[in-house]
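Those sequence lines, one after another, are chains C and P.
Counting in the numbering used here, the first sequence runs from -1 upward without gaps.
Counting in the numbering used here, the second sequence runs from 6 upward without gaps.
All residues carry an ideal CB built from backbone N, CA and C; glycine is no exception.
Because the structure is a prediction, the values reported are computed rather than measured.
Worksheet: the structure to be examined is printed underneath.
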Amino acid sequence: GENVEQHPSTLSVQEGDSAVIKCTYSDSASNYFPWYKQELGKGPQLIIDIRSNVGEKKDQRIAVTLNKTAKHFSLHITETQPEDSAVYFCAAYREGGSYIPTFGRGTSLIVHP
Amino acid sequence: DSGVTQTPKHLITATGQRVTLRCSPRSGDLSVYWYQQSLDQGLQFLIQYYNGEERAKGNILERFSAQQFPDLHSELNLSSLELGDSALYFCASSAQGGRGTGELFFGEGSRLTVL
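Shown next as structure tokens:
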């Protein structure tokens, strides 16, 4: 099955700095790579996703890059704000048909004002 | 609001007991997933149901069972509870079971504490 590694487990930055979270996956058949944000006391919520036919996707201050050859993808957050503080999860799986969404262990991002 | 409802939000019980966690998926979603989140652990997949049938199984203990009813709500039953079962249990739903978008919509979780 799929195995997703996520680093770092904790990331502390100053407000306004950039933050990068990296994930690797093992199953070359995976074609969907979402990122979820989990705020304290809430369930994870999708913030951005990328499919295997695209190398990069951007949504305002958030961007995701995908390197299929190396089987890794990254989340980039620019101009971080205190409200970005949360746990971020990456996932990798195959859309369509039978699949199991496999998640990384999460990164706790702390943005200091 | 994701549209996924989980009850109860908090549950405290003793070792050896049995509890049932309930999940109502987003309107129209046929797939329901159960995940366990322990301290410092990621989201561990337990089981998936699609339109009433079990679709996939993860590292779910034999003491745990689940089902999805005709109205598509799902229940996760945890029995002979142990201290190590204390965790946050998430239900997620998606429209996908066949082809389509892969986004999962998560509930706010049920926090189980076993004393």
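Extent of the continuous beta strand (DSSP E) to which residue i belongs
i, result
"residue 36(P)", "36 to 42"
"residue 70(P)", "69 to 73"
"residue 61(C)", "60 to 65"
Residue i classed as buried or exposed, judged by whether at least 16 other C-beta atoms fall within 10 angstroms
i, result
"residue 84(C)", "buried"
"residue 56(C)", "exposed"
"residue 27(C)", "exposed"
"residue 62(P)", "exposed"
Residue i: contacting residues in chain P (beta-carbon distance under 9 Å)
i, result
"residue 43(C)", "7, 110 and 111"
"residue 87(C)", "47 and 48"
Neighbouring residues, chain C, relative to residue i (Cβ below 8 Å)
i, result
"residue 3(P)", "Summary: the structure shown does not reach residue 3(P), with chain P confined to residues 6 through 120, and so no result is reported for it."
Backbone CA spacing between residue i and residue j [nearest angstrom]
i, j, result
"residue 46(P)", "residue 12(P)", "22 Å"
"residue 46(C)", "residue 61(C)", "8 Å"
"residue 111(P)", "residue 55(P)", "16 Å"
"residue 23(P)", "residue 69(P)", "10 Å"
"residue 118(P)", "residue 110(C)", "31 Å"
"residue 88(P)", "residue 71(P)", "20 Å"
Neighbour list for residue i in chain P, Cβ cutoff strictly below 8 Å
i, result
"residue 98(C)", "50, 53, 61 and 63"
"residue 30(C)", "107"
"residue 91(C)", "107"
"residue 53(C)", "Within 8 Å Cβ-Cβ: nothing; residue 53(C) doesn't reach chain P, min ~18 Å."
Proximal chain P residues relative to residue i, where beta-carbon distance stays under 7 Å
i, result
"residue 40(C)", "113"
"residue 101(C)", "47 and 48"
"residue 104(C)", "47"
Whether or not the segment 0 to 8 of chain C and the segment 100 to 107 of chain C are in contact is what I'm after, with contact meaning three or more pairs of Cβ atoms, one per stretch, closer than 8 Å; do they touch? Using a Cβ-Cβ distance cut-off of 8 Å, the segment 100 to 107 of chain C and the segment 0 to 8 of chain C are in contact, since at least three pairs of beta carbons, one from each stretch, lie closer than that value.
Does the segment 21 to 39 of chain P come close enough to the segment 48 to 62 of chain C that 3 or more CB-CB pairs lie under 8 Å? no
Three Cβ pairs or more, each shorter than 8 Å: is that satisfied between the segment 15 to 24 of chain C and the segment 72 to 83 of chain C? yes
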